[in-house]
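> For reference, the structure I am asking about is given below.
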Amino acid sequence: MADDSPLACFQVALKEYLNSPNFSDVTIRCEGEDFKAHRLVLCAQSKWFFKACNGDWKEATERVIDLPDDKLPVVEAMLDFFYRFDYQATSSPMIFNAKVYSIADKYDIPTLKSHALGKFRKSVETCWGMDDFPLAIREVYSSTLDNDRGLRDLVVKAACEHADALSKEPEFRTALEEASSFAADVVLSMAKGRPKQTTPRTNTYDCPNCGNSWQAILPSGISCYCPNCGNSRSNWDSYITARA
1495 MADDSPLACF QVALKEYLNS PNFSDVTIRC EGEDFKAHRL VLCAQSKWFF
1545 KACNGDWKEA TERVIDLPDD KLPVVEAMLD FFYRFDYQAT SSPMIFNAKV
1595 YSIADKYDIP TLKSHALGKF RKSVETCWGM DDFPLAIREV YSSTLDNDRG
1645 LRDLVVKAAC EHADALSKEP EFRTALEEAS SFAADVVLSM AKGRPKQTTP
1695 RTNTYDCPNC GNSWQAILPS GISCYCPNCG NSRSNWDSYI TARA
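Residues 1495 to 1738 (the numbering used here) make up the sequence shown, in order.
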């Protein structure tokens, strides 16, 4: 049954204006391609485009917004979302969705960022065993900030859940070596998942030989030496001066 609500009808009509010259008042340019767009549509969904179209930027007067640092397929996906509220991946779903997530963050498009995150989650859940998963990891960790955990938490979760299988793949091990932040996140995540262990106490000891104090975690009755003078004793319990 067709949805004939006012919002649904508007969304259907809006699709017809994607790259349409009708009522177009701004041009998006990328890699030599021009796309006819509408400031109202862009500005309603992106703070970056709002500033570009309304501030003192040259784009506001020239009505041409050049995106020289972005890739054409990703820009096309962004424009598709502006008018159709969805987009289709043109290559590896994991990598492409990560790129769309990145451009959504760059141009402050929160709805697109959330949409790309959802698509990325689904692709990782089903494609973590594909050859491009290590490439997706590199893309995620090279295109997002350390405090942006959206995509990062998803690849870390997949890596931890399937560590046995992935650890046998050379490309995955290479990703661990090249993306040190990813490797650190995996270690921390796996550590959190382990049963909690009792934290040993750090005690302060006074050496009877040199008189210096030092700290260590020593089980009761263990043989050890003073790190200052080398004096070795089989039991330091009687020389504890402070307990943690």
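Don't be surprised by glycine CBs; every beta carbon is placed ideally from N, CA and C.
1) Does the segment 1554-1569 come within contact of the segment 1520-1529, defined as at least 3 CB pairs closer than 8 Å?
2) Looking at the secondary structure, which residues open and close the alpha helix (DSSP H) in which W1542 lies?
3) Excluding sequence positions up to five away, which residues of its chain have a Cβ less than 6 Å from the Cβ of S1675?
4) Three or more C-beta pairs closer than 8 Å, one from the segment 1653-1667 and one from the segment 1608-1621: is that the case here?
5) Is T1696 closer than 7 Å to I1711 when the C-beta atoms are compared?
6) Quick check on the DSSP output: the beta strand (DSSP E) that includes Q1709 runs from which residue to which?
7) Compute the beta-carbon to beta-carbon distance between N1591 and A1583, rounded to the nearest angstrom, for a pair I have assumed lies under 8 Å.
8) Thinking just about the alpha-carbon of each residue, which of S1661, W1542 and K1593 is nearest to the one in S1585?
9) Can you give me the Cβ contacts of P1628 inside the same chain, cut-off strictly under 8 Å, excluding the 5 residues immediately before and after it?
10) If you run the structure through DSSP and keep just helix, strand and coil, what is F1579?
11) How would you write the range of the alpha helix (DSSP H) that D1599 sits in, first residue to last?
12) If you draw a straight line from the alpha carbon of D1498 to that of S1683, how long is it in whole angstroms?
Checking against the coordinates, here is how it stands:
1) yes
2) K1541 to N1548
3) Y1635
4) no
5) yes
6) S1707 to A1710
7) 6 Å
8) K1593
9) E1663, E1665, F1666, T1668 and A1669
10) coil
11) P1587 to K1600
12) 47 Å
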